[in-house]
Amino acid sequence: MSSNHPLDQLYRQVIMDHYKNPRNRGVLEGTNVDVNMNNPTCGDRIHLTMKVEDGKVADVKFEGEGCSISMSSASMMTQAIKGKTVEEALRLAHIFSDMIQGKEYDDSVDLGDIEALQGVSKFPARIKCATLAWKALEKGLHNHEHEGR
Ligand code: FES
């Protein structure tokens, strides 16, 4: 009954898998959403590019430098939103934000791998790591909506 491993072992494996084998890594050409974001506390960064067409995230890629939590979260985020509508993607971002702050969250949506980050809510210093990619997503989609495509 050791509590040396604050994050559940299985969740750790999911996180490390996304860190080592990131999904959707790279930069998309000719996109209509292009966002750079830093975590001001450590200087780590993400560059998110998306192609939004007919109200859907037709394609998405990210690149950046950061800790395992930030980069795995970015990988999970891109995996989760690809092919989703803008509304669904924003809803996921809200659910993620609640989950990562340790609040009650809407569990009617299947979060898949994203749930592996749930334990981060117990480590306030790491919450900004986990939310970096999602903040970039929200910023990108809001900019896109306001620019009217
Ligand atoms: Fe910089 Fe996690 S330590 S994003």
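Residues in the sequence shown are numbered from 14 upward in steps of one, following the numbering used here. Ideal Cβ placement from N, Cα and C applies to all residues, glycine included.
DSSP lists Lys69 as the bridge partner or partners of Glu66. Judged by DSSP in its simplified three-state form, Gly56 adopts coil rather than helix or strand. Selection Leu105, Gly132, Lys141, Lys152 evaluated against Ile28 yields Gly132 as nearest (Cα-Cα). Here Ser86 is near Ala146, since their CB atoms are less than 8 Å apart.
Here Asp57 is buried, its C-beta having at least 16 other C-beta atoms within 10 Å. Ile82 and Glu42 have their C-alpha atoms spaced approximately 26 Å apart.
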